[in-house]
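Colleague: For the sequence shown, the positions run 17 to 231 when my numbering is used.
C-beta atoms are modelled at their ideal positions from N, C-alpha and C, and glycine is treated no differently.
Only a predicted model underlies this, so the values are computations on that prediction, with no experimental measurement involved.
Please read through the structure below; I'll follow up with questions.
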Amino acid sequence: MTIDRGPVWTVTLDRPQQANALSAELVEALHGVLDEAELARPLALVLRGNARHFAAGFDLSGLSTETDASLAHRFLRIGLLLERLGAAPYLTIAVAEGAAVGAGADLVLACDARLVAPGVELRFPGSAFGVVLGVARRALLADYDGLVTGTPDELDDLLSEWVGWGDGRVLLLADRPAVDADAELAALARSVAVPGLRDRIAAYAAPALAKEKIA
């Protein structure tokens, strides 16, 4: 992960060999960025990946060493990350030029502006293994202003407009959809507390892992 700090911060996910999948370490690094930004108060924070992948979702590469408890903790840390982004005291912008899947797609939806390239599909497979992540936010945004608010080529104009407003934070906070963060996290906690989480994820991931071995 790289961070370009200034009046506007640009945070670039940089795990190209893992399709920018959200490992425990990457999630904690993003929490660290938000800790720092909470003190620095940039005008905006831009979150982006690369041309192939914004983020491939929950990193399953070490699944064989995980337990139900460790996986539940990782999902809860992602859930908290989403809520922190959604409540950040500055404009948040996701720029998805490549695939955004699962928790990666939820990262996009947690941001105020969701700039997604044409042809890029946001996919949410969590229900296939019983994890309720970002569901309420997704439903609310679908009714509010849509899951996608623009395309990556609109970033510069969006930032110029935002900076030109001066202190638009009050307007920003008033205009955000009212997501019940406590209810969202509670639903996630209940879903990951159901025994057999690791086995459910392993069953979901098995076909993809089999294809990788064949390739």
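1) Report the three-state DSSP secondary structure of residue 111 (helix, strand or coil).
2) Straight-line CA distance for residue 70 to residue 211?
3) State buried or exposed for residue 68, treating a residue as buried only when at least 16 other CB atoms are found within 10 Å of its CB.
4) What does DSSP give as the partner residue(s) for residue 150 in the beta ladder?
5) Going by C-alpha to C-alpha distance, which of 40, 62, 141 sits closest to residue 107?
6) Is residue 122 near residue 78, with beta carbons less than 7 Å apart?
7) Tell me the rounded alpha-carbon separation between residue 85 and residue 40.
8) With DSSP as the reference, label residue 164 as helix, strand or coil.
9) Leaving out five residues on either side along the sequence, give the residues of the same chain with a beta carbon under 6 Å from the beta carbon of residue 228.
10) Would DSSP call residue 201 helix, strand or coil?
11) Below 8 Å CB to CB, which residues in the same chain sit around residue 203 once its five sequence neighbours on both sides are set aside?
12) Does the beta-carbon of residue 130 have 16 or more other beta-carbons within 10 angstroms, so that it is buried, or is it exposed?
Modeller: Answer, in terms of the structure:
1) DSSP places residue 111 in strand when its eight states are reduced to three.
2) 31 Å
3) exposed
4) Beta-bridge pairing links residue 150 to no other residue.
5) 62
6) no
7) 13 Å
8) coil
9) Because the pLDDT at residue 228 is just 42, under 50, the model does not fix this residue reliably, and the point stays unresolved.
10) helix
11) 148, 151, 152
12) buried
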